[in-house]
Amino acid sequence: MSVLIVGSIALDDVKTPVEERFDLLGGSASYASVAAGYFSPVNLVAIVGEDFPASHWNFLQERGINLEGVQRAEGKTFRWSGEYMWDMNTRETRSVALNVFETFAPKLPDHFKSSDFVLLANIAPDLQLQVLDQMDKPKFVIADTMDLWINIAQPALLDLLKRVDMLILNDSEARELTKETSLIKAGKKIQSLGPRIVAVKKGEHGCLLFGENDDFFSCPAYPLEDIHDPTGAGDTFAGGLTGYLANRGNHDVGFKALKTAVVVGSVLASYNVEAFSLERMRSVEQKDILSRFAEFQDLAHFDADLL
Ligand code: AMP
Numbered sequence: 024m025s026v027l028i029v030g031s032i033a034l035d036d037v038k039t040p041v042e043e044r045f046d047l048l049g050g051s052a053s054y055a056s057v058a059a060g061y062f063s064p065v066n067l068v069a070i071v072g073e074d075f076p077a078s079h080w081n082f083l084q085e086r087g088i089n090l091e092g093v094q095r096a097e098g099k100t101f102r103w104s105g106e107y108m109w110d111m112n113t114r115e116t117r118s119v120a121l122n123v124f125e126t127f128a129p130k131l132p133d134h135f136k137s138s139d140f141v142l143l144a145n146i147a148p149d150l151q152l153q154v155l156d157q158m159d160k161p162k163f164v165i166a167d168t169m170d171l172w173i174n175i176a177q178p179a180l181l182d183l184l185k186r187v188d189m190l191i192l193n194d195s196e197a198r199e200l201t202k203e204t205s206l207i208k209a210g211k212k213i214q215s216l217g218p219r220i221v222a223v224k225k226g227e228h229g230c231l232l233f234g235e236n237d238d239f240f241s242c243p244a245y246p247l248e249d250i251h252d253p254t255g256a257g258d259t260f261a262g263g264l265t266g267y268l269a270n271r272g273n274h275d276v277g278f279k280a281l282k283t284a285v286v287v288g289s290v291l292a293s294y295n296v297e298a299f300s301l302e303r304m305r306s307v308e309q310k311d312i313l314s315r316f317a318e319f320q321d322l323a324h325f326d327a328d329l330l
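Those letters in the sequence shown? Residues 24 to 330, by the working numbering.
Below you can see the structure in the form of structure tokens.
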């Protein structure tokens, strides 16, 4: 079953303590689409400017992503620049240029409107809402967000939360949105705002999954020794998770499937951070995902008798 993804396509400049790279393919939708594409066909809705390099466009196309819903507008592509501190976790945004995003109004090609699985990757919540307004009747809607929208667009974000099945956000965002220090309280409070399911990402420490009827899962993080560029880890996680769920087709999205989906998302994110931009994904195949998934299973398995 195909996935509809809306989000940003960007040109990123990224600086780490050891390297600086420019004009990289970035954006929440780029990462999410490539990750979802390992499991399901992807229909992408986004916007790029006249300066968007053909090599980046071709890369997305070669991954089999349907780009019919990507507008090519006059002006420049969205640009983002960030710098990572020595821990490769703390990040400072150096600059953001909205460019073509300033006037972006997502428009879904007719045959995208009946998608059952929708990932509203990180963009302004009013744009995420505009996409939902055009959909027929999706079966499962997942939204990702970021601190910026919690700070400058909270009313729209709260409207959105009432219309999604699942929200993905990171630990500091969950605390900011709920004003709770405990992530457990924060996750439950977010559920009370609308989404039945909440995934709280904890960076290099894994992720917490909150389901219905107090279902709860704590997913570990893959113990990676070398991280080259953490950019897009969250978007890759969301894309992998959604692609996996869509691949199950008409089966119910129960808690067991959601647990598997967050592990799949974590596996994909762990690969993505091994190189800049989406470069690592050029060589990752589905068999690699399966083998790291099995490692994850061993990692989280706990089989001992107490006393
Ligand atoms: P992540 O590392 O998961 O937070 O995602 C990083 C990606 O998000 C980069 O490739 C950026 O181009 C993109 N990004 C950063 N800020 C925004 C924003 N305000 N709206 C949409 N995408 C953004």
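For every residue, glycine included, the Cβ atom is placed at its ideal position computed from N, Cα and C.
The model shown is predicted, which means the values in this text are computed figures rather than measured ones.
At least one heavy atom of the ligand AMP lies closer than 6 Å to the C-beta of Trp-103. Annotation for Asp-182: Pro-148, Leu-152 place their beta carbon closer than 8 Å to its own, counting only its chain and skipping 5 residues before and after.
CA-CA distance, Val-276 to Tyr-267, rounds to 11 Å.
In the three-state reduction of the DSSP assignment, Ser-138 falls in the coil class. As a beta-bridge residue in DSSP terms, Thr-116 pairs with Gly-105.
Scanning Leu-200, Phe-163, Thr-254 for the CA closest to the CA of Ser-215 turns up Leu-200. DSSP places Asp-167 in the uninterrupted beta strand (DSSP E) bounded by 163-167. For Gly-262, the closest alpha carbon among the candidates Leu-247, Leu-34, Phe-101, Met-304 is that of Met-304. Asp-321 and Glu-125 have their C-alpha atoms spaced approximately 46 Å apart. By the C-beta density criterion, Pro-132 is exposed, having fewer than 16 other C-beta atoms within 10 angstroms. By the neighbour-count criterion, in which a residue is buried when 16 or more other Cβ atoms sit within 10 angstroms of its Cβ, Phe-260 is buried.
Glu-85 and Pro-246 have their C-alpha atoms roughly 31 Å apart. Linking Trp-80 to Thr-265 through their CA atoms gives a straight-line distance of about 22 Å. Listed in chain order, the non-local C-beta contacts of Ser-63 below 7 Å within the same chain comprise Met-24, Ser-25, Val-26, Gly-266, Ala-269, Asn-270, local neighbours out to five positions each way being set aside. Per DSSP, Asn-295 is one residue of the alpha helix (DSSP H) stretching across 278-295.
By the Cβ neighbour-count rule, Phe-140 is buried, with 16 or more other Cβ atoms within 10 Å of its own.
Spanning the alpha carbons of Met-189 and Phe-101 requires a straight line of approximately 26 Å.
Taking one beta carbon from each stretch, the segment 82-96 and the segment 105-117 have fewer than 3 pairs nearer than 8 Å; the two do not touch. When only Cα atoms are considered, Asp-258 and Leu-192 end up about 10 Å apart.
Residue burial is scored here from C-beta neighbours: Trp-109 has fewer than 16 other C-beta atoms within 10 angstroms and is therefore classed as exposed.
Residues Ser-104 of the same chain have their beta carbon placed closer than 6 Å to that of Ser-118, with the five preceding and five following residues left out of the count. CA-CA distance, Phe-240 to Val-285, rounds to 10 Å. Within the same chain, Cβ atoms closer than 7 Å to the Cβ of Leu-67 are found at Ile-28, Ala-52, Ser-56, Ile-88, Asn-89, Leu-90, Gly-92, Val-93, the five residues on either side in sequence being excluded. In this structure, the ligand AMP has a non-hydrogen atom nearer than 6 Å to the beta-carbon of Asp-35. Take Glu-318, set aside five residues on each side of it, and the residues of its chain with a beta-carbon closer than 8 Å to its own are Tyr-245, in chain order. Under DSSP, the beta-bridge partners assigned to Asn-66 are Leu-27, Asn-89. Closer than 6 Å to some heavy atom of the ligand AMP: that does not describe the Cβ of Asn-81. Across the set Arg-198, Asp-311, Val-223, Phe-299, the C-alpha of Phe-299 shows the shortest separation from the C-alpha of Leu-48. Remark: C-beta atoms of Asp-252 and Val-37 approach each other more closely than 7 Å. Residue range 256-270 is occupied by the alpha helix (DSSP H) that includes Asn-270. In the three-state scheme derived from DSSP, where H, G and I count as helix and E and B as strand, Gly-210 is classed as helix.
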